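K.L.:
To start, I am sharing the structure in question, which I have written as structure tokens.
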Amino acid sequence: MSRVAYVNGQYVPHNRATVHVEDRGFQFADGVYEVWSVFDGRMADFDGHMTRLHRSLSELRIDIPMSRESLTQVLKETIRRNRVRNGIVYLQVTRGTARRDHPFPPEGTPPSVVVTSKSINPMKSDATAANGVAVVTTPDIRWGRCDIKTVGLLANVLAKQHARDRGAYECWMVDDMGLVTEGSSTNAWIIDEHGKLRTRDTQANILKGCTRTTLLDILKEEGIELEERGFTVEEAQRAKEAFFTAAGAFVMPAVSIDGVKIGNGKPGPVATRLRELYIERGTRDAV
Ligand code: PDD
0 MSRVAYVNGQ YVPHNRATVH VEDRGFQFAD GVYEVWSVFD GRMADFDGHM
50 TRLHRSLSEL RIDIPMSRES LTQVLKETIR RNRVRNGIVY LQVTRGTARR
100 DHPFPPEGTP PSVVVTSKSI NPMKSDATAA NGVAVVTTPD IRWGRCDIKT
150 VGLLANVLAK QHARDRGAYE CWMVDDMGLV TEGSSTNAWI IDEHGKLRTR
200 DTQANILKGC TRTTLLDILK EEGIELEERG FTVEEAQRAK EAFFTAAGAF
250 VMPAVSIDGV KIGNGKPGPV ATRLRELYIE RGTRDAV
């Protein structure tokens, strides 16, 4: 089946889906993005991602490209045209195309909008989660506004490749205080040696994950206490469980960190349960 992308008002074959060479996303990483999980053809955590998109655009003073309703329609249509039942839908908005110059382009330059969608085999993802994955760590070398979901992901790309080069799945980044900030494309969590569930607070220079936010609701309902407090790599290595969250990954158990086994080296019961609850909730509330 051939894939289709939405590019600036048109649905085009994926292999001919292009933006201009002077698109500011291409030249300056001057743009933002969102990724929704798709459950059974519908988007999970819909409002959370949409609200964060608008916040990212506003923080960077990029014009809102179209109404929320129209954008929703484009996202749904892209999922439909690609016949995605389970997978993700990706949206990118940049400051548009203009002659290369650092300051913002002339007022009225339309933002560029790109949407793609791809299938992810849920059985494969579940099998990965059933085994758990390896995590490695690296210094966090990113800029000071990681709360904005920009396409400026070079440090994240290098971190993820750092993991791949070591046969690991994800890389957790570590700040100057020795505390884990987040994963290269995920939020990081542990159940520490005292049994306390912990994840970094969003005052730190991290992305406020939508999966994280939904999990916070689930934790409240389940009566599971959470401490939003950073942890060191050593604390994570001594933890009973470790896992990370993101659209597409949901809740993914980590079974080693920098080669040190976590717990008994198998996905822990809490991470496993939270994954089930998250998928249940995501499927129930998807739009
Ligand atoms: N990444 N932290 C970072 C740095 C991320 O890039 C992401 C998401 C998250 C988790 O956010 P959410 O739960 O809203 O997906 C945390 C997406 C999936 C990506 O870059 O593909």
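Under numbering that gives the first Met the number 0, think of the first position of the sequence shown as 0, with each following residue one higher.
In this text, a Cβ means the ideal position worked out from N, Cα and C, and glycines have one as well.
These numbers come from a predicted model, not from an experiment.
Would Trp35 be called buried (16 or more neighbouring beta carbons within 10 Å of its own) or exposed?
P.N.:
Trp35 should be labelled buried.
K.L.:
Quick one: does the C-beta of Gly208 sit closer than 6 Å to a heavy atom of the ligand PDD?
P.N.:
True, at least one ligand heavy atom lies under 6 Å from that Cβ.
K.L.:
Less than 7 Å between the C-beta atoms of Lys281 and Phe38, yes or no?
P.N.:
In the sequence as displayed, the identity of residue 281 is Gly instead of Lys. The answer is yes: Cβ separation under 7 Å.
K.L.:
Tell me the residue span of the beta strand (DSSP E) that contains Pro12.
P.N.:
Segment Gln9 to Pro12, the beta strand (DSSP E) holding Pro12.
K.L.:
Give me the DSSP bridge partner(s) of Val240.
P.N.:
The question names Val, but residue 240 in the sequence shown is Glu. Partner(s): Ile190.
K.L.:
Taking only the alpha-carbon atoms, compute the straight-line gap between Cys145 and Ala238 and give it to the nearest angstrom.
P.N.:
Approximately 26 Å, taken between the alpha carbons.
K.L.:
According to DSSP, is Val37 helix, strand or coil?
P.N.:
Strand at Val37.
K.L.:
Would you report the Cα separation of Arg165 and Val134, rounded to the nearest angstrom?
P.N.:
Roughly 9 Å between the two C-alpha positions.
K.L.:
Counting only runs that start and end within the region 203-235, where is the alpha helix (DSSP H) found for 4 or more residues in a row?
P.N.:
Segments of the alpha helix (DSSP H) lying fully in the region 203-235: 209-221.
K.L.:
Buried or exposed: Asn14, going by 16 or more other Cβ atoms within 10 Å of its Cβ?
P.N.:
Exposed: under 16 other Cβ atoms inside 10 Å.
K.L.:
Rounded to whole angstroms, what is the Cα-Cα separation between Arg79 and Gly40?
P.N.:
Going from the Cα of Arg79 to the Cα of Gly40 covers about 7 Å.
K.L.:
Considering only their Cβ atoms, is the gap separating Pro64 from Val92 smaller than 7 Å?
P.N.:
Yes; because the gap between Cβ atoms is below 7 Å, this pair is in contact.
K.L.:
Cutting at 7 Å between CB atoms, please list the residues of its own chain near Asp175, excluding the five before and the five after it.
P.N.:
Closer than 7 Å at the Cβ level, and outside the excluded window around Asp175, lies no residue.
K.L.:
State yes or no: is the C-beta of Thr96 within less than 7 Å of the C-beta of Glu21?
P.N.:
Yes, the pair counts as a contact, with Cβ atoms nearer than the cut-off.
K.L.:
Look up Phe27 in the DSSP assignment and say whether it is helix, strand or coil.
P.N.:
Helix at Phe27.
K.L.:
Thinking just about the alpha-carbon of each residue, which of His48, Asp216 and Arg228 is nearest to the one in Leu70?
P.N.:
Measuring from the Cα of Leu70, the nearest candidate turns out to be His48.
K.L.:
Using the C-alpha atoms, what's the distance from Arg82 back to Trp142?
P.N.:
Roughly 37 Å between the two C-alpha positions.
K.L.:
Looking at the structure shown, is Met65 part of a helix, part of a strand, or coil, going by DSSP?
P.N.:
Note: Met65 maps to coil in three-state DSSP.
K.L.:
Spatial neighbours of Asp46 within its chain, please: CB distance less than 7 Å, with the 5 preceding and 5 following residues excluded, ordered by chain position.
P.N.:
Here the set comprises nothing.
K.L.:
The alpha helix (DSSP H) spanning Ser57 covers which residue range?
P.N.:
Element bounds for Ser57: Phe45 to Leu59.
K.L.:
As a quick exercise: from Gln72, Val73, Glu226 and Asp29, pick the residue whose alpha carbon is nearest that of Ser55.
P.N.:
Answer by Cα proximity: Asp29.
K.L.:
Out of Ala245, Ile147, Ala203 and Ile223, which one is the CA nearest neighbour of Asp44?
P.N.:
Ranking the options by Cα distance to Asp44, first place goes to Ala245.
K.L.:
Can you check which of these residues, Pro138, Val88 and Thr201, is closest to Trp171 by C-alpha distance?
P.N.:
It is Pro138 whose Cα lies nearest to the Cα of Trp171.
K.L.:
Less than 7 Å between the beta carbons of Glu234 and Gly267, yes or no?
P.N.:
No.
K.L.:
Assuming the contact rule is C-beta atoms closer than 8 Å, Glu181 and Ile205 should be a hit. Round their C-beta distance to whole Å, please.
P.N.:
About 4 Å separates the two Cβ atoms, so the contact holds.
K.L.:
Grab me the residues of Val18's own chain with a C-beta within less than 6 Å of its C-beta, minus the 5 sequence neighbours each way, in chain order.
P.N.:
Same-chain partners within the cutoff: Ser111.
K.L.:
Is any heavy atom in the ligand PDD found nearer than 6 Å to the beta carbon of Thr137?
P.N.:
Not so, every heavy atom of the ligand PDD lies at least 6 Å from the Cβ.
K.L.:
Give a single yes or no on whether Val37 has its beta carbon closer than 6 Å to a heavy atom of the ligand PDD.
P.N.:
Val37 Cβ: outside cutoff for every heavy atom of the ligand PDD.
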